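Under numbering that gives the first Met the number 0, the residues of the sequence shown are numbered 0 to 504, in order.
Note that CB positions come from ideal geometry on N, CA and C, so glycine has one too.
Computed from a predicted structure; not experimentally measured.
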Amino acid sequence: MGVEVLIRGGNAVDAAISAMLCTGVVNMFSSGIGGGGSMVVRIPPGDDSSSSDVWSINFRETAPALSNQTMYKNNPMGSRIGGLAVGIPGELKGLEEAHKRWGTLPWKELVEPSAKLAEGWKVQRELARRIQIFGELMLDHPDWRPLFAPQGVLLEEGDWVNRTNYSRTLYTIAEHGSDAFYQGPIADALVKKIRQTEAVGGNVPRKEDFYDSCTGGRNTAVFQSVLLQMFNVLENYDMSARTPLAVHRLVETMKFAFASRTRMNDPITAADHARIAKMATKEYAKEIVRNITDDRTHPPEYYHPAFDVKMDHGTSHVSVVDRNGMAVSVTSTVNSMFGSKVLDTVTGINLNDEMDDFSVPGVPNDFGLWPSPYNYPAPGKMPVSSTSPGILENADGSFYASIGGSGGGQIFPSMVQVLLNLDWGLHVSDAVEFGRLHDQLYPLHLYADEIYPPDVLRFLRQVDHNVTGVQFDKIGFCVVQVIMQKDDIFYAASDSRKNGVAAGY
């Protein structure tokens, strides 16, 4: 759909909105208007003497007004399943804000194609895989069964599926904008459904929370500090080739980044802003470099993780570049697969479980780390996220790449590896498909794609990395999408790990 928008004369923002809404229809297990996300937009320079403008819109889900630190004390699963797990969705507010600022085609023309699609389409491979994984839910739950097991048998790839109620919802939003979602009957239906799932009522979202939902006030770059930290560290080394030593330094940089992530939060105070800003400075990177040893790796405590911070889950990502050089990188999520598992049958909206990304006071984890007080739930707060939509420029300010990923805590390390692959001379598709490494301190494994070069893995074992071979094409691993420009030609790749396909004209 995004390509069709570009062909009709729309710009990159128009196309990104259309593509993201389409993804929310066919891949509702990972994104949709019941979730949230963030977007980066690059406005190209008007002439050779000016520079580009880069903007970000943060439309991640926020905690309801009655949220507090003890809301899951007697119900640990409440942050994962049911109405108590639902954060206030931000996707529609964010997409509409982007359209108001930079869109060119009418809002209605961007939404209606997805509304039409929701009337019926053939199940694609990724949705079919998730239906099978959650077969018990789809067969036994009265809300899900009519959608994915209407004849008492799970739908498979190629079967016809329709989301009639969701289609009606999108047609309403096409006519009336996001107000129809946050203030009208749609909000009434969602709040009613949420309360039906929580017999005790309590701290679930209220209609006032939807009405008061706000977007854009927070800087997306806050959650990208660890990504920037990795770049700042690696620029101190010779990373001109994939040598065993260069890869060891990459993994060590990754481990320090995950330690820094334990100090992240949605910044509220000046101290929060200062702490997070420091992580992305050149000076802080040099401190890390001084502690990286080339002859061995170290136990997790060496990297000074402060707390236990929950890892976020699956997402969807879209990158778009248009004929005029405008670029968009946008990531959206409902968090876990099928979010909170709350499907409102009136509106057809599948709601997120973003509250599960908050830390909950209690006992230390299996590795002795206590839950992070920085990331405790509070009214209006966003939980820590790994989503990192990014746009890169060359040293002269010209466009280089739009990149992003989906896959929770693996997103920012995977993005760094893909960009290094490009630096190491790989074609964009090979850069995305190349084997990956992942070490997040805990558990005590350096996960290595089984297709990674054996000589590098041997060296990593020699310097004490606990290398564990895995297949990175399984569900749960990160997928990356990228568009890069070289010599006035655009090259694009969408990760085959999730059966992605790049499109253009």
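The continuous alpha helix (DSSP H) containing W106 extends over residues W106 to A117. A direct Cα-Cα distance of roughly 25 Å separates K485 from Y236. Between G89 and the set A62, N74, S66 and V462, the nearest pair of CA atoms involves A62.
Under DSSP, W120 forms a beta bridge with V160.
Separation of N164 and F147 (C-alpha to C-alpha, rounded to the nearest whole angstrom) is 14 Å. In this structure, I348 is the residue among I348, D395 and V462 with its C-alpha nearest to the C-alpha of R167. Beta-bridge partners of V320 (DSSP): A326.
The beta carbon of G396 lies closer than 6 Å to those of S50 in the same chain, with the five residues before and after it left out. In this structure, L418 lies away from F257, with their beta-carbon atoms at least 8 Å apart. In this structure, G324 lies near P43, with their beta-carbon atoms less than 8 Å apart. If you look at Q68, you'll find it isn't in any alpha helix (DSSP H); DSSP assigns it neither H nor E.
Using a Cβ distance threshold of 8 Å, I402 and V327 do not count as a contacting pair.
In this structure, M27 is the residue among G9, T242, V250 and M27 with its C-alpha nearest to the C-alpha of E125.
Taking a C-beta distance under 8 Å as the contact criterion, Y71 and A114 do not qualify as a contact pair. Unbroken alpha helix (DSSP H) runs of no fewer than 4 residues, entirely contained in the region 443-483, are found at 453-461, following chain order. The beta carbon of R241 sits closer than 6 Å to those of W423, all from its chain and outside the five residues before and after it, given in chain order. In terms of Cβ geometry, M381 and R59 form a close pair [threshold 8 Å].
Remark: C-beta atoms of T22 and I185 do not approach each other more closely than 8 Å.
Within the same chain, Cβ atoms closer than 6 Å to the Cβ of L391 are found at Y399 and A400, the five residues on either side in sequence being excluded. In the DSSP annotation of this structure, the continuous segment of the beta strand (DSSP E) that includes G403 starts and ends at F398 to S405. The beta carbon of S48 lies closer than 8 Å to none in the same chain, with the five residues before and after it left out.
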